[in-house]
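To get the numbering used here, take the position in the sequence shown, counting from 1, and add 501. As structure tokens, the structure follows; a few thoughts come after it.
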Amino acid sequence: MVNDKEQSQEEIESSGGQVDTIVSTFSGMTDRESVNYQIKQWVAGNPVHNPIRDECCPDFSCCNGKIASVEQRERFAKAVVEKDERTQMEMLGMFLGSAFSDEKIYVAGLEIPSEC
Ligand SMILES: [Zn+2]
502 MVNDKEQSQE
512 EIESSGGQVD
522 TIVSTFSGMT
532 DRESVNYQIK
542 QWVAGNPVHN
552 PIRDECCPDF
562 SCCNGKIASV
572 EQRERFAKAV
582 VEKDERTQME
592 MLGMFLGSAF
602 SDEKIYVAGL
612 EIPSEC
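Below, the structure written as structure tokens:
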């Protein structure tokens with residue numbers, strides 16, 4: 502787990518500072534194309550913020566630097582392809598929960614910790 506996280510950080514840093522490139526990559530894409538491209542890049546370990554929709558990757562890793570595991574990314578992408586909205590919503594809740602893991606914020610649909 503620790504190694505996985507370190508590797509992910511490295512991947513994110515190596516793709517940093519390329520905002521202009523990212524914006525020109527997205528320019529001319531339709532809304533749908535931009536989402537597909539963003540998901541593909543994210544699954545491949547290259548989280549990019551979607552400038553067409555001004556939207557983060559499912560796990561917000563383009564902006565907070567904490568990328569989900571490859572298993573989670575692949576599972577989410579599969580749910581998108583299969584239009585499995587239930588799995589997508591569950592995972593988005595989980596990603597949101599872990600993005601705010603240090604805060605006392607609870608996401609509707611997630612289990613409330615027993616100490617509350
Ligand atoms: Zn973002």
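The C-beta atom is built at its ideal place from N, Cα and C for all residues, glycine as well.
Let's see if you can read the secondary structure: which residues bound the alpha helix (DSSP H) around Met595? It spans Glu586 to Ala600 - the alpha helix (DSSP H) in which Met595 sits, taken as one unbroken run.
Given this structure, state the Cα-to-Cα distance separating Arg587 from Asp555, to the nearest angstrom. So the two alpha carbons sit approximately 24 Å from each other.
Taking the C-alpha atoms as reference points, what is the distance between Asn537 and Ala600? 22 Å
DSSP three-state label for Asn551, please. strand
According to DSSP, which residues form a beta bridge with Glu556? Asn551
Residue from Lys541, Gly546 and Ser528 with nearest C-alpha to Val581: Minimum Cα distance to Val581 is reached at Lys541.
Is Ala545 helix, strand or coil when you go by DSSP? coil
Three-state secondary structure (DSSP) of Ala578: helix
If you follow the alpha helix (DSSP H) that Ser562 is in, where does it begin and where does it stop? Ser562 to Asn565
Option in Asn547, Gly529, Thr531 and Arg576 with minimal Cα separation from Ser562: Asn547
Around the C-beta of Lys506, are 16 or more other C-beta atoms found within 10 angstroms, so that it is buried, or is it exposed? Low local confidence applies: a pLDDT of 47 at Lys506 is under 50, so the model's placement there is unreliable, with the coordinate-based value given in what follows. Counting the other CB atoms within 10 Å of its CB gives Lys506 a total below 16, which places it among the exposed residues.
Going by the CB atoms, is the gap between Ile553 and Phe527 shorter than 7 Å? yes
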